[in-house]
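Remarks on the structure that follows.
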Amino acid sequence: MKEFKVIIMGFGAVGQGVAEAIALKKEMIQKDYGYNLKIVAAADSSTSAICIEGLDENTLVKTKKETGKLADYPEYGSNLSGLQVLDSVDYDCLIESTPTNIDDGEPGKSLTLKAFNQGKDVVTSNKGYLALNFKEIIDAAQENNVNFKYEATVGGSMPIINFVKDTLSSCKIYSVIGILNGTTNYILSRMTSEGSSYQNILRESQELGIAETDPTNDVEGIDAACKTVILANSLLNIPATYDDVEVEGISNITSQAIDLAKKDGYLIKLIAEVLPNNLKVSPRLVKKGSSYDVNGTLNMANVKTDLAGDVSVSGFGAGSLETASAIITDLISILKNKK
Ligand SMILES: NC(=O)c1ccc[n+]([C@@H]2O[C@H](COP(=O)([O-])OP(=O)(O)OC[C@H]3O[C@@H](n4cnc5c(N)ncnc54)[C@H](OP(=O)(O)O)[C@@H]3O)[C@@H](O)[C@H]2O)c1
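This note's numbering applies: residue 1 is where the sequence shown begins, and numbers increase by one.
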């Protein structure tokens, strides 16, 4: 049986979800695709675990949860940093799930470019460096003749990038308009159903772990703008970067505005628009009962095409196993290519 050796870089919610998903799916992958999928290394911000024979997925997750450090993995723990790990073990694919950084794209950008230079495939969930340097990254993957997949960067488990590229490949794509941030959709949904203020619902969302302690990236539309850039480049061939998106968040939305909209049969949603001459994230009125009427942490996207007309997709925009599902699907598509 052929082997497919992966490194998981970044071992937080997504990295751990990937390890759990590999434990659940490796038998299926062996049976259906003929590859023995092995995690040969995993790294967090300062430590790692490395074993060319393969690390046990459940021990990786247990070690990280119990001690906070992959260095404590029995026998195979190490203090090597991310970039050093890429030089220390033979591998086929880097799974890159380090934090999104829209200042300089690091550490994801350097890790990804290094893996390309080593001739390795990369699957990422990190939208930061793609929002800043999409073309540079895609060009580098092509120059090195490696696979680069990034479905998990937009919409978690909601299929959008591969779906449009593969399943709608006969169609010209005119626009993609959708709800691309689960935290803001959750806050607006609860403001609508409960009539409470933005500040109250934000605080409760933080207590529930749905909004982060510093919610700026979500509530000010920054996260949705990064996804807008990725969809613009990958689906409409628009060579945009983050600065090309007009961004307005939801922090000024009042419960009175939501009530007024409700009376007229409308909802307020944070809408991302990808059109050839307009990249925008802003609070918009949408008709109640329309395809944009999805609640809680759900994401959705409406794709306008020439042949198929309007096609809508929806799914969970975040979550450990949910996001891992997109990463494993990307891995499987690389394995199918190799066959
Ligand atoms: N969470 C989701 O549902 C979701 C959905 C879609 C996309 N994403 C994206 O996926 C990525 C990961 O998200 P997450 O929620 O898993 O984040 P997270 O829980 O904050 O985990 C990030 C991980 O990266 C590690 N890290 C930081 N700097 C590193 C470096 N230089 N080298 C190696 N590892 C490093 C951290 O180490 P420590 O453990 O030592 O701090 C941590 O293990 C982000 O880019 C995010 O935007 C997340």
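Using N, Cα and C, we set each Cβ at its ideal position, and we do this for glycine too.
Source: prediction; values computed, not measured.
Sequence-distant residues of the same chain with beta carbon closer than 6 Å to MET1, five excluded per side: For MET1, same chain residues with a beta-carbon under 6 Å away, outside a window of 5 residues either side, are ASN36 in chain order.
Alpha-carbon spacing of PRO159 relative to THR329, whole angstroms: 10 Å
Distance, GLU204 Cα to TYR186 Cα: 11 Å
If contact is defined by three or more beta carbon pairs under 8 Å, each pair taking one atom from either stretch, is the stretch 267-275 in contact with the stretch 176-194? yes
Cutting at 6 Å between CB atoms, please list the residues of its own chain near VAL247, excluding the five before and the five after it. Counting only Cβ-Cβ distances below 6 Å, and skipping sequence neighbours, we find GLY221, ALA225, VAL281.
So, helix, strand or coil for ILE334, using DSSP? helix
Per-residue burial, GLN256 [other beta carbons within 10 Å of its own, 16 or more giving buried]: exposed
If contact is defined by three or more beta carbon pairs under 8 Å, each pair taking one atom from either stretch, is the stretch 108-118 in contact with the stretch 286-297? no
Is it the case that the stretch 123-131 contacts the stretch 105-113, given that we only count it when at least three CB pairs across the two stretches are under 8 Å? yes
Tell me whether MET9 counts as near ligand 1, meaning its Cβ is closer than 6 Å to at least one heavy atom of that ligand. Yes.
Take ILE138 as the anchor and find which of SER157, GLY155, THR112 has the nearest alpha-carbon. THR112
Quick check on this structure: which residue in PRO276, GLY315, LEU331, GLN199 has the alpha carbon closest to the alpha carbon of SER157? GLY315
Assigned secondary structure, ASP307 (DSSP; H/G/I helix, E/B strand, else coil): Position check: residue 307 holds Leu in this sequence, whereas Asp was assumed. Taken through DSSP and simplified to helix, strand or coil, LEU307 comes out as coil.
Whole angstroms is fine: what's the gap from ASP306's alpha carbon to LYS165's? 14 Å
Pairing CB atoms from the stretch 87-98 with CB atoms from the stretch 57-69, are three or more of them under 8 Å? no
Would VAL274 and LEU331 be called neighbours here (beta carbons separated by less than 7 Å)? no
On the criterion of 16 or more Cβ atoms from any shown chain inside 10 Å, does ASN237 qualify as buried, or is it exposed? exposed
GLN178, enclosing alpha helix (DSSP H) - first and last residue: For the sequence presented, residue 178 should be read as Gly rather than Gln. Segment 173-179 is the beta strand (DSSP E) holding GLY178; no alpha helix (DSSP H) there.
Between SER312 and ASN302, which are expected to be in contact by the criterion C-beta below 8 Å, what is the C-beta distance as a whole number of angstroms? 5 Å
Suppose contacts are defined by Cβ-Cβ distances below 7 Å. Is THR323 in contact with VAL14 by that definition? yes
Return the chain-ordered list of same chain residues with a C-beta closer than 6 Å to the C-beta of ALA152, the five sequence neighbours on each side being excluded. SER125, THR323, ALA326, ILE327
Tell me the DSSP secondary structure of VAL164 in three-state form. helix
How would you write the range of the alpha helix (DSSP H) that THR192 sits in, first residue to last? Taken as a continuous stretch (DSSP letters only), the alpha helix (DSSP H) holding THR192 covers 182-194.
So the beta strand (DSSP E) ASP121 belongs to, where does it begin and stop? Where ASP121 is concerned, the enclosing beta strand (DSSP E) starts and stops at 121-124.
Using C-beta distances below 7 Å, list every residue in its chain close to GLU194, excluding the 5 sequence neighbours before and after it, in chain order. None.
Backbone CA spacing between LYS263 and LEU235 [nearest angstrom]: 36 Å
If you draw a straight line from the C-alpha of GLN376 to the C-alpha of ILE22, how long is it? Nothing can be reported for residue 376: it is not among the residues displayed for the chain, which extend from 1 to 339.
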